[in-house]
Amino acid sequence: MALYAIGDLHLSLGTNKPMDVFGGGWVDYTDKLTAGFSSLNADDVCVLCGDISWGMSLDESLEDFKFIDRLPGKKIILKGNHDYWWATAAKMESFFSSNGITSIEILHNNCYYCSGVAICGTRGWLGDEQLTAEQNAKIYSRETTRLRASLQAAKNADVKICFFHYPVRFKNIVCHEFITAMDEFGVKSCYYGHLHGEGHRLAVRGLVDGINYEIVSADFVDFVPRKVSY
Ligand SMILES: [Fe+2]
Ligand SMILES: [Fe+2]
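Position in the sequence shown counted from 1, then plus 3, gives you our numbering.
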């Protein structure tokens with residue numbers, strides 16, 4: 004049983020959002036994902052770090068979920084900024100089960116285990132210039148609460164790994180509240196997505212103040228899930 008992560012699948016099998024306009028890497032990306040997942044086994048676990056489907060509703064995203072479900076292993080999903088179909092966990096779970104989708108689990112205020120390692124996380128937040136400082140602070144605070152709930156659920160695990168959609172560190176932005184929570188719970192590894200194309204150059208990778216950061220956006224990892232070491 005191995006743990007993997009990949010972010011930003013940006014699927015649009017039930018909608019019409021061509022991704023090849025975002026650069027050569029995205030041409031035939033669903034084929035690349037199928038090939039990339041082919042080395043995973045049925046008992047492996049892969050965290051999908053947000054921006055999963057372009058659908059605007061669960062129904063519009065159904066074909067994308069079916070595609071994900073056909074990929075080997077259990078998939079643990081967290082929300083990205085483009086996941087407009089995201090609903091309550093109860094609604095999503097009921098939608099998945101009524102459509103025969105059995106390999107997707109939802110990471111939201113909770114944690115999962117893979118070989119005794121706790122998988123924790125939340126979407127995160129980078130701030131939005133179009134929002135007021137107060138609005139941004141409210142979202143940041145909500146995401147901190149979600150991260151802490153996830154870490155608290157895993158409090159007895161020796162090893163906890165955090166997964167976000169947004170980077171925790173980016174350019175001059177440092178999400179201190181997330182880092183404080185990760186430090187408090189002894190997290191040493193943090194994976195994230197969201198950054199594409201030129202954004203990859205600005206991604207923080209490697210050890211910073213005791214936490215190892217790694218970007219796993221699909222176009223960064225060539226559509227091959229990245230093995231998570233622990
Ligand atoms: Fe994103
Ligand atoms: Fe994205």
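Each residue gets a CB set at the ideal place from its N, CA and C atoms; glycine is no exception.
### Query
Closest to D62 by CA distance: which of I79, S41 and D86 is it?
Measuring C-alpha to C-alpha distances from D62 to each of I79, S41 and D86 identifies D86 as the nearest.
### Query
So does D131 have its beta carbon nearer than 6 Å to some heavy atom of ligand 2?
D131 Cβ: outside cutoff for every heavy atom of ligand 2.
### Query
Any idea which residues DSSP pairs S56 with across the strands?
Its beta-bridge partners are L14.
### Message
On the CB-based measure, 16 or more other CB atoms within 10 Å of its CB, does G209 come out buried or exposed?
### Response
Residue burial annotation: G209 is exposed, with fewer than 16 other C-beta atoms found within 10 angstroms of its C-beta.
### Task
Determine the extent of the alpha helix (DSSP H) in which L65 is found, giving its start and end residues.
Residues L61 to R73.
#### Entry: Counterpart residues of N215 in DSSP-defined beta bridges
Partner(s): S192 and L210.
### Query
According to DSSP, is K174 helix, strand or coil?
Here K174 sits in coil by DSSP.
### Query
How many Å lie between V2 and A160 at the Cα?
The requested residue 2 does not occur in the structure, where the chain is confined to residues 4 to 233.
### Task
Below 6 Å CB to CB, which residues in the same chain sit around H203 once its five sequence neighbours on both sides are set aside?
Listed in chain order, the non-local C-beta contacts of H203 below 6 Å within the same chain comprise F223, local neighbours out to five positions each way being set aside.
### Query
Could you give the distance in angstroms between the alpha-carbon of S15 and the alpha-carbon of N102?
Whole-angstrom Cα-Cα distance: 18 Å.
### Query
Just to check, is the beta-carbon of H197 closer than 6 Å to a non-hydrogen atom of ligand 1?
Yes.
### Query
At which residues does the alpha helix (DSSP H) containing T148 begin and terminate?
For T148, the uninterrupted alpha helix (DSSP H) segment begins and ends at A136 to A156.
### Message
Given this structure, state the Cα-to-Cα distance separating E217 from K191, to the nearest angstrom.
### Response
If I take the Cα positions, the gap works out to 11 Å.
### Query
Using 8 Å as the Cβ pair cut-off and three pairs as the minimum, do the region 40-60 and the region 72-89 touch?
The way I'd put it, the region 40-60 does touch the region 72-89; three or more beta-carbon pairs between them come closer than 8 Å.
### Query
Sorted by chain position, which residues of the same chain lie with C-beta nearer than 8 Å to L6's C-beta, five sequence neighbours on each side aside?
Closer than 8 Å at the Cβ level, and outside the excluded window around L6, lie D47, V48, C49, V50, C117, S118, V120, I122, I164, K230, V231 and Y233.
### Query
Comparing alpha-carbon positions, which option in V24, G53 and G17 lies nearest A221?
Among V24, G53 and G17, the Cα nearest to that of A221 is on G53.
### Query
Going by DSSP, what residues sit across from E108 in a beta bridge?
Its beta-bridge partners are I79.
### Heavy atom of ligand 1 within 6 Å of G83 beta-carbon
At a threshold of 6 Å, G83 counts as near ligand 1, since its beta carbon sits closer than that to one of the ligand's heavy atoms.
### Query
Using the rule of at least 16 other Cβ atoms within 10 Å of the residue's Cβ for burial, across every protein chain shown, is M4 buried or exposed?
Counting the other CB atoms within 10 Å of its CB gives M4 a total below 16, which places it among the exposed residues.
### Query
Which two residues bound the contiguous alpha helix (DSSP H) that contains A93?
Where A93 is concerned, the enclosing alpha helix (DSSP H) stretches over A92 to S101.
### Query
In this structure, what does DSSP give as the bridge partners for R229?
DSSP links R229 through a beta bridge to A8.
### Task
Can you list the residues near ligand 2, meaning Cβ strictly closer than 5 Å to any non-hydrogen atom, in the order they appear in the chain?
Counting every residue whose Cβ lies closer than 5 Å to a heavy atom of ligand 2, we get D11 and D54.
### Task
Pull up the distance between the alpha-carbon of G124 and that of G27, whole angstroms please.
Whole-angstrom Cα-Cα distance: 31 Å.
### Presumed contact (8 Å Cβ cut-off) between H179 and D11, rounded CB distance
Going by Cβ atoms, the distance from H179 to D11 rounds to 25 Å, so no, they are not a contact pair.
### Task
Assign G28 to one of three DSSP states: helix, strand, or coil.
In the structure shown, G28 sits in a helix (DSSP, three-state: H, G or I).
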